[in-house]
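Single-structure report; data block below.
Residue numbers (mature numbering (1 follows the signal peptide of the UniProt record, and there is no 0)): -35 to -1, 1 to 390.
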């Protein structure tokens, strides 16, 4: 949702979903020695009473072990900085690692603004579903009802677009976009330009006959939301999601904006888009240089995110992502019937691998956690919430992806999940 364009919005988003879901099995390792960080462990909020014992699915809450695991994994993936916010029925752990600016001591905070990439998809999908429950849209509507120019549009439903089963080509897989991103990183992309790139290519498969993570779906849904909702997408997000939830640190920037509200860390990534277009990992010699510290990542904080638009240009904070993650599963944004249908919509992306990656109406599932991952140049985010066991986990890093092509926030989250949940019997 790059290595700066290609990985975050295409490969990394899909790969992150796969990796994070597969990783919800128990993972553990010995705690490391402490490294440069700041962290606090506090009791759960008064709205979530402390329990005398963890739910059966959970391990006892051990802040020291969780903090040590977070620090160790962040250090292993060589990120400049990382942020953790974990809440369980027994307590909340907030921890930071490293720095927001390479070569300087810049502490991190849950109030820092970061680019959240494809977490933005949860916003777009939520607005679409709100319009459905208001009777202004139907999930069975063909996209041609709103956009006659979409390939196979008469056979593609809004629901298939929400679940990434439309077959529409992903514009972030084009050489044109990746080359342009390298040459003009601050270019403002219009949604219609993104769709033109996608529609110039044949669909991957007939509607409903497969799964392919495609940002084209969400850009189209954003335009449909604007048409039916009668307002710019940013206003719809603000009125329907941000203000009702009190997300004061969350922003959907105008396509002309390449800035991030203060306070914010710097974001870093290695290589360029074309270099990592088909493989997010750097060439082996460059990986060795990155590990040795002789190859520095690029500062891409000010890259214009408009190429991701409704699919991934959002900005938020760890504190807001916790609130959002919980709202996506507890019904604060949808009525109960549609809310349950949204959770039930999450099904395996490959029916032959029922325990693999799962995706639904703009939401994924990582074991017990519903949510989404996100990646844009320099930033990787994991947001998940478990309504059954009362667990919410948010992790972000200011490097994306790693030199060897992995998604650092998801790697950190995966390790922590193994410390929060008991191993399946």
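Note that CB positions come from ideal geometry on N, CA and C, so glycine has one too.
This one's a predicted model, so the numbers in the text were calculated from it and none came from an experiment.
A contact is defined here as three or more CB-CB pairs under 8 Å, and the region 150 to 169 fails this definition with respect to the region 64 to 83. Of the candidates 205, 311, 314 and 376, the residue whose Cα lies closest to the Cα of residue 292 is 205. The three-state secondary structure of residue 126, taken from DSSP, is helix. Bridge partners of residue 361 according to DSSP: 48 and 346. Residue 379: member of the alpha helix (DSSP H) spanning 373 to 385, first to last residue. Contact between the region 309 to 319 and the region 233 to 241 is absent: fewer than 3 CB-CB pairs across the two stretches fall below 8 Å.
Each residue's CA atom was taken as its position, placing residue 387 and residue 24 some 5 Å apart.
In this chain, the beta strand (DSSP E) harbouring residue 79 covers 79 to 82.
Per DSSP, residue 302 has no beta bridge partner at all.
Contact fails between the region 170 to 179 and the region 153 to 160, because fewer than three Cβ pairs, one in each stretch, are under 8 Å apart. DSSP places residue 109 in no beta strand (DSSP E); its state is neither H nor E. Distance check between residue 97 and each of 85, 127 and 120 places 127 closest, using alpha-carbon atoms only. In this structure, the beta-carbon distance from residue 283 to residue 50 falls below 8 Å. Within 10 angstroms of the beta-carbon of residue 160 lie 16 or more other beta-carbons, which makes it buried.
A straight line joining the alpha-carbon of residue 258 with that of residue 236 spans about 14 Å.
Per DSSP, the beta bridge partners of residue 312 are 324. A distance below 8 Å between beta-carbons, with the five flanking residues on each side excluded, links residue 197 to the following residues of its chain, in chain order: 191.
Assignment of residue 330 by DSSP, reduced to helix, strand and coil, places it in the strand class. Considering only 370, 226, 367 and 375, the residue with the shortest C-alpha distance to residue 361 is 375.
Boundaries of the alpha helix (DSSP H) around residue 189: 180 to 194.
Membership of residue 281 in the beta strand (DSSP E) is indicated by the continuous run 279 to 281. Between the alpha carbons of residue 307 and residue 129 lies a distance of about 14 Å. In this structure, residue 288 and residue 212 form a Cβ contact; the two beta carbons are roughly 6 Å apart against a cut-off of 8 Å. For residue 341, the secondary structure class from DSSP, reduced to helix, strand or coil, is strand.
Going by C-alpha positions, residue 151 is about 30 Å away from residue 169. Residue 279 is positioned such that its CB atom lies no closer than 8 Å to that of residue 207. Taking the Cα positions, residue 209 is about 39 Å away from residue 368.
For residue 354, the secondary structure class from DSSP, reduced to helix, strand or coil, is coil. Cβ neighbours of residue 271 within its own chain (closer than 7 Å, five residues either side excluded): 153, 154, 220 and 278. With a cutoff of 8 Å on beta-carbon distance, residue 139 and residue 356 are scored as not near each other. Counting other Cβ atoms within 10 Å of its Cβ, residue 99 stays below 16 and is therefore classed as exposed. Taking C-beta atoms under 8 Å as the contact rule, residue 348 and residue 336 qualify, at a distance of about 4 Å. In this structure, residue 172 lies near residue 120, with their beta-carbon atoms less than 8 Å apart. Under the three-state reduction of DSSP output, residue 35 falls in the helix class. By the CB criterion at 8 Å, residue 384 and residue 30 fall inside the cutoff.
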